[in-house]
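Peer 1: In my numbering, the protein residues as written are 390 to 722. Glycine included, each C-beta is placed from N, C-alpha and C at the ideal position.
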């Protein structure tokens, strides 16, 4: 959470938030912090403390609003990555047509996604059917809401499958276009002198269309690696719990079914830990792939270091002056 807040400060103070990509990254930092607080921290607290869980179970509306906030941050974070990927892909394909009003376009996309998924998450105030078996081990709240088992499939689809498929598809399209740009540049520069070609062809083709393209590639690849396994395990678990459900009539078959169910739950817990890493590693991804982010961060660290050193020097010089004045006064006496 602290690193996400630090990323937010660096993006805002460096001026990177003034372009279209910076707006996506600002909102992503806020959503990641919200996920870690409302989803992970509250879940761990409810799983480790019966008193806190009973507090939630005693207030139904508290349970409802907790589910709403968890859904908002999860969906918003996933689809911000989708919007960022689609925006960069379109800019790579149509750089001249989409160069203008990037900030205005990004604000419209971010605001539209926020409104749509906030309204979608508010359905948890009236619908239930997806808080049956938490990875944190706490019992679900007893609710009087309308139960709809299909909501679990909708949640898995919009949180994992649809975003990951879109991110993968648009990344492949962008890679194809970047490859074409590299080949065209090679053909053009091969007609010039050897000095000219050696000066231009050594640069990576990733950095030529935009300075934010490496950052996008790093963030989207990390998203695919950390989120896609959770979608697969959740889908298998839903299929097993619904299609292969067995009542405890035949004890042998029921025990086998329950053991498989628990194994899938443990695998889902492990994939959920990987999923939570998706909200924690963006600062390191920005530092590793974003040259402007890295330069401004190092500049801020130098400024803070100089301020601290100057304050310490002033403090020591003030002490020495006081000692000198005391010595002079004592010698005068």
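On the CB-based measure, 16 or more other CB atoms within 10 Å of its CB, does residue 632 come out buried or exposed?
Peer 2: Exposed is the call here.
Peer 1: Can you give the beta carbon distance from residue 399 to residue 686, rounded, assuming they're within the 8 Å contact cut?
Peer 2: Confirmed, about 5 Å.
Peer 1: Please confirm whether residue 678 and residue 607 have their CB atoms less than 8 Å apart.
Peer 2: Against a cut-off of 8 Å, the Cβ pair of residue 607 and residue 678 comes out as a contact.
Peer 1: Around the C-beta of residue 476, are 16 or more other C-beta atoms found within 10 angstroms, so that it is buried, or is it exposed?
Peer 2: Label assigned to residue 476: buried.
Peer 1: Using DSSP bridges, identify the partner residues of residue 535.
Peer 2: Looking at the DSSP assignment, residue 535 forms a beta bridge with 516.
Peer 1: I think residue 630 touches residue 393, with their Cβ atoms under 8 Å apart; what is that distance to the nearest whole Å?
Peer 2: Incorrect: roughly 34 Å between the Cβ atoms, too far for contact.
Peer 1: Pull up the CB-CB distance for residue 622 and residue 653, whole angstroms please, since I reckon it's below 8 Å.
Peer 2: Going by Cβ atoms, the distance from residue 622 to residue 653 rounds to 7 Å, so yes, they are a contact pair.
Peer 1: Which of helix, strand or coil does DSSP assign to residue 603?
Peer 2: The answer is helix: DSSP assigns residue 603 an H, G or I state.
Peer 1: Rounded to the nearest angstrom, how far is the Cβ of residue 409 from that of residue 492, given a contact under 8 Å?
Peer 2: Confirmed, about 6 Å.
Peer 1: Could you check whether the segment 522–531 touches the segment 506–514, counting it as contact only if at least three pairs of C-beta atoms, one from each stretch, sit closer than 8 Å?
Peer 2: No contact exists between the segment 522–531 and the segment 506–514.
Peer 1: If residue 418 and residue 412 are in contact, beta carbons under 8 Å, what's the gap, nearest whole angstrom?
Peer 2: 11 Å between Cβ atoms; not a contact.
Peer 1: Tell me whether the beta-carbon of residue 553 lies closer than 8 Å to the beta-carbon of residue 479.
Peer 2: Contact flag unset, no.
Peer 1: Buried or exposed: which applies to residue 459, given that a residue is buried once 16 or more other Cβ atoms fall within 10 Å of its Cβ?
Peer 2: Burial call: buried.
Peer 1: For residue 537 and residue 401, I'd like the C-alpha separation in whole angstroms.
Peer 2: The alpha-carbon atoms of residue 537 and residue 401 are separated by roughly 42 Å.
Peer 1: With distances taken from CA atoms, which of 576, 551, 436 and 517 is nearest residue 449?
Peer 2: Ranking the options by Cα distance to residue 449, first place goes to 517.
Peer 1: Quick one, which of 648, 524, 539 and 646 has its alpha-carbon nearest residue 658's?
Peer 2: Minimum Cα distance to residue 658 is reached at 524.
Peer 1: Give the secondary structure of residue 697 by DSSP, where H, G and I count as helix, E and B as strand, and everything else as coil.
Peer 2: Three-state DSSP puts residue 697 in a helix.
Peer 1: For residue 506 and residue 640, I'd like the C-alpha separation in whole angstroms.
Peer 2: For residue 506 and residue 640, the distance between alpha carbons rounds to 43 Å.
Peer 1: When you compare only the Cα positions, how much space is there between residue 560 and residue 610?
Peer 2: Cα to Cα, the separation comes out at about 9 Å.
Peer 1: Out of 457, 421 and 474, which one is the CA nearest neighbour of residue 515?
Peer 2: Comparing Cα-Cα distances from residue 515 to each of 457, 421 and 474, the minimum goes to 457.
Peer 1: Is DSSP giving residue 470 helix, strand or coil here?
Peer 2: In this structure, residue 470 counts as helix in the three-state DSSP scheme.
Peer 1: Restricting to Cα atoms, I'd like to know which of 469, 391 and 395 is closest to residue 682.
Peer 2: Among 469, 391 and 395, the Cα nearest to that of residue 682 belongs to 395.
Peer 1: Between the beta-carbon of residue 465 and the beta-carbon of residue 420, is there less than 8 Å?
Peer 2: Contact flag set, yes.
Peer 1: Which value, in whole angstroms, describes the spacing of the CA atoms of residue 436 and residue 442?
Peer 2: So the two alpha carbons sit approximately 7 Å from each other.
Peer 1: Could you pull out every residue in the same chain whose Cβ sits closer than 6 Å to the Cβ of residue 428, ignoring the five residues on either side in sequence?
Peer 2: 459, listed in sequence order.
Peer 1: Could you name the residues of the same chain whose beta carbon sits closer than 8 Å to that of residue 499, not counting the 5 residues immediately before and after it, in chain order?
Peer 2: 412, 413, 416, 469 and 472, listed in sequence order.
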